[in-house]
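So the sequence shown is numbered by the numbering used here: it starts at 21 and just counts up by one. The beta-carbon is built from N, C-alpha and C at its ideal position, and this holds for glycine as well. Model, not experiment: these values are computed from the prediction. Structure, as structure tokens:
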Amino acid sequence: MFDEESYEIWMVKMKSYLDTLDLWDVVEKDYQVSPLLQNPTSMQTIYYKKRKTMKAKAKSCLFSILQINFTQIMILKYQRKYELFEGRIC
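Structure follows, in structure tokens:
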């Protein structure tokens, strides 16, 4: 069962793991990757690909090393969003 306590333990382990791969900032900041403009410079293209790839790597890590039921994570995630929306969590 994936409850609040086991989620906290999992989160600490996951943060440590993603830190070692230089991916924690990607998860923590949850940025959106804007599409490239028409005729981008080579540096813009490299930057775009790096940010896009890092998001994909972080997602892949999160999904692949889960040892618990993914459905339970989604339930907690949406429950938290609902509580934030309702003003229960500041």
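Sequence-distant Cβ neighbours of L56 in its own chain, meaning closer than 7 angstroms and more than five residues away, are Q64, T65, Y68.
Between the segment 70–77 and the segment 35–54, the count of Cβ pairs shorter than 8 angstroms is three or higher; the stretches touch. Of the candidates Q92, S80, S36, Q92 places its Cα closest to the Cα of S26. A check of alpha carbon separations from Q52 across R71, N59, L38 identifies R71 as the nearest. The DSSP-derived three-state label of L57 is coil. DSSP places Y51 outside both helix and strand once states are collapsed to three, so it counts as coil.
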